[in-house]
Amino acid sequence: MTELSNLVAESVERLRRDRPLVQCLTNIVVANFTANVLLSAGAVPAMVDNSEESEEFASVADGVLVNTGTPYRETAEAMVAAVRGAASSNTPWVLDPVGVGMSWRTQVALEALHVAAPAVIRANASEVLTLAGTDASARGPEAGDGVEDALASAAQLVRNHGCVVAISGPVDHIIDADRHVTVSSGHEWMTRVTGVGCSLGALTAAFAGVQNDYLIAATSATAMLCVAAERAAERSVGPGAFAQALVDELFLASPDEVGARGGLRDVSA
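In terms of the numbering used here, the sequence shown opens at residue 19 and continues consecutively.
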């Protein structure tokens, strides 16, 4: 295996060994699926999203996810509070800016970014364009802007916030200030099941809790989910069976298989 593949395999081993506690402030559509993805992969989910506890809990979690998919006023306040708590204890947090482009949720995402820089922004191309201030419509997580179109905006976000940006698409692109990695594994049914993309944000937060090289953390999360998706599709007749099989395959995936089968490429090498 390549050096990158070995680093990813080691990160999967570390996730399974350390079982990071991940606070998920996520949307109501995907909360159950997200929790099951984390449990199957080897992490421990905590869906603490109320404004009374979120800041305190973020200070003891290993990683925090902020997902703007279905924001309400109280959960929006809890998201910003969780970022404060994460910043106070150097807990890595991941922003999944689902649906940004709608004015209020964009404001919530930008307010969280103003409080503290995330470890990773995980988004689709349209969301990256919007966060960077480029004109893009709010069409949700299945929006069709090309990943390549968003790379310049992703680089701008890296410069502005000092974070990693992971762009989901047919080929996933993960960049930081110096490196650019692609992940070419996965399956088209990942876009046919609600919550797969959102669970990737949570899985990224889990890996960030055990791997302080956040580009490797984001790459490991992406590879693990994509390899599990390929395996799940091999034994499924459609998206419904695939969703169940995906959870099983996350549990069954070996570190070496994730590293070897992930379709990993270091574009910057």
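Glycine included, each C-beta is placed from N, C-alpha and C at the ideal position.
The model shown is predicted, which means the values in this text are computed figures rather than measured ones.
Distances from the alpha-carbon of D36 to those of A224, D114, A76 and R279 put A224 closest. For the options R177, S202 and A241, the alpha carbon positioned closest to that of D196 is the one of R177.
Where R35 is concerned, there is no enclosing beta strand (DSSP E), although the alpha helix (DSSP H) around it starts and stops at E21 to D36. In this structure, the alpha-carbon of A105 lies about 14 Å from that of V138. When secondary structure is reduced to three states using DSSP, G81 falls in the strand class. When the beta-carbon positions are compared, V82 and A100 come within less than 8 Å of each other. When DSSP states are grouped into helix, strand and coil, R253 belongs to the coil group. In the DSSP assignment, P273 falls within the alpha helix (DSSP H) that extends over P273 to R279. Cβ neighbours of R283 within its own chain (closer than 6 Å, five residues either side excluded): T200. With contacts defined by Cβ atoms closer than 8 Å, G204 and A172 do not form a contacting pair.
Per DSSP, the beta bridge partners of C42 are L83. Just so you know, the alpha carbons of F75 and C244 end up roughly 30 Å apart. The beta-carbon distance between P89 and R123, rounded to whole angstroms, is 5 Å. This is short enough to meet the 8 Å contact definition. DSSP places T200 in the strand class (E or B) of the three-state scheme.
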